[in-house]
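Be aware that the sequence shown starts at 668, since it is given in our numbering, and climbs by one per residue.
Think of the CB as a built atom: it goes at the ideal place given N, C-alpha and C, for glycine as much as any other residue.
Some notes on the structure that comes next.
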Amino acid sequence: MSECRLCTTGQRGFIVHFPSEETCGKYSLRQQANPYVYHPMNEKSVWYEEKLFYKNFDFWREVNAADSWIVEAARWDTAGPVSEGTAHWAVLQQQRPAWWVRDVIDEERIRMMMQPIVDRSDNSILGYEMLARGVDLNGGTISPLTLYEAARAQEEMFRLDRACRIAAIRAGASLPVEQFIFVNFIPTSIYVPEHCLQTTIQAADKAKVLHTQVIFEVVETDFVEDLPHLKSILQYYRSQGFRYALDDVGEGFNTLELISQLEPDVIKLDRKWVSQIGHSSEKQETAMSILKAAQAVGAIPLAEGVETESEAETLRTMGYAWQQGYYYGRPDWVPQTSLHWTRAHDPRSVDKP
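This is how it looks when you write it as structure tokens:
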């Protein structure tokens, strides 16, 4: 099966068409439509062929509408297939609702990439951060930004965040028990911890993952509005034997106050303060203030976004033994068996995950 073209046809339906190798990119959808038409009805997925119509559903009108969107996309990008990252994709994304994220969640089409976290005190891999990616109907990768934007649009943040936590724990089950599994979670997606986190705990127990092996990372710390609620979530995690980390920590009184209030097990220094740290006294001062705040609450400081040998050595001498970044390894579908330190000429020329 070749490239799949997908276009919305309004709030209630859309067209999915699978052109053959011979016709892909040569004819309009209307010309190619010995069709596959997909239309949601009563929350069930129903396939229609050309001569089967749902009430008030005009098949050819829908196909023509899809064609017009592809033509509009072609004005911006003359490349052939409609794939993520092209102007075709951008235009079609504006036209279609984000219903598809529900199918991704329901069908468990979420995979995890793993990025190593190292301990510079003995140059070992101490664990991996699990980074979620969606999988489309063609087996292609859906970026986390696209995935979470769609979930927000469809009010599916709770279910997506839960699905990602479970997928991360399942992926981490393959790691040695002495390595940590860093799992991201969004606090605003959790309402009552005792209820909302039960499936996560059950997933860990079913996968035979030790609770002490899992470190939950609080993301979007800049948007924490209900501190007591966040504390209740983290206290529940800790009561179950899990650990937790604050992600993307930076400067300011609010950050230091957050560290003091939450007393995390790990504090991850934002990559903003890591980049070129050896050439900036301001970044060094910020990194040192975060390190001292971590030490004050018994947390381990971790520097993320390390991309050069200079950054790695500067941070190590400051006291950041735990480090993460492209310098040590890029995210991959399988865990690294050993460190392959990167000394690329320009490590920042590659796209971030």
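- Around the Cβ of G965, a 10 Å sphere holds fewer than 16 other Cβ atoms; the residue is exposed.
- Contact between the region 823-837 and the region 893-902 is not established, with fewer than three Cβ pairs separated by less than 8 Å.
- Y995 is not a Cβ neighbour of V859, given a cutoff of 8 Å.
- A direct Cα-Cα distance of roughly 36 Å separates E861 from T1004.
- Rounded to whole angstroms, the separation of the alpha carbons of C831 and E775 is 9 Å.
- The region 904-913 makes no contact with the region 938-951: fewer than 3 CB pairs, one atom from each, lie closer than 8 Å.
- Taking C-beta separations shorter than 7 Å and ignoring five residues to either side along the sequence, the partners of M780 in its chain run L798, R800, P998, D999, W1000, P1020, following chain order.
- When secondary structure is reduced to three states using DSSP, R800 falls in the strand class.
- Pairing G917 with L958 gives a Cβ-Cβ distance that is not under 8 Å.
- By the Cβ-count criterion, N790 is exposed, with fewer than 16 other Cβ atoms from all chains shown falling within 10 Å of its own Cβ.
- Taking the Cβ atoms as the reference, I900 lies roughly 12 Å from P931, outside the contact range of under 8 Å.
- Ranked by Cα distance from A954, the options I967, W940, A963, Q962 are led by W940.
- For the region 768-832, the full-length alpha helix (DSSP H) segments reaching 4 residues or more read 811-820 along the chain.
- Using a Cβ distance threshold of 8 Å, F883 and Y903 do not count as a contacting pair.
- The straight-line gap separating the alpha-carbon atoms of Y795 and W766 is approximately 31 Å.
- P843 and Q991 have their C-alpha atoms some 19 Å from each other.
- Residue pairing for D999: DSSP places it in a beta bridge opposite M781.
- The DSSP assignment places complete beta strand (DSSP E) segments of no fewer than 3 residues inside the region 942-989 at 967-970, in order along the chain.
- Residue nearest to T808 within the set R819, G908, V771, Q782 is V771 (criterion: CA-CA distance).
- Non-local C-beta neighbours of A960 in its own chain, meaning closer than 6 Å and more than five positions away in sequence, comprise L923, I926, ordered along the chain.
- By the neighbour-count criterion, in which 16 or more other beta carbons inside 10 Å mark a residue as buried, R829 falls on the buried side.
- Using a Cβ distance threshold of 8 Å, E971 and K935 count as a contacting pair.
- The C-beta separation of A817 from M824 comes to about 10 Å, leaving the pair out of contact by the 8 Å criterion.
- If you keep only unbroken alpha helix (DSSP H) runs of at least 4 residues inside the region 839-889, you get 860-863, 865-873.
- Rounded to the nearest whole angstrom, the C-alpha separation of L827 and I792 is 29 Å.
- The shortest CA-to-CA distance from R983 to any of G908, S788, V881, R769 is the one to S788.
- V885 sits away from A871, with the two beta carbons spaced by 8 Å or more.
- Annotated three-state conformation of Y994 is coil, per DSSP.
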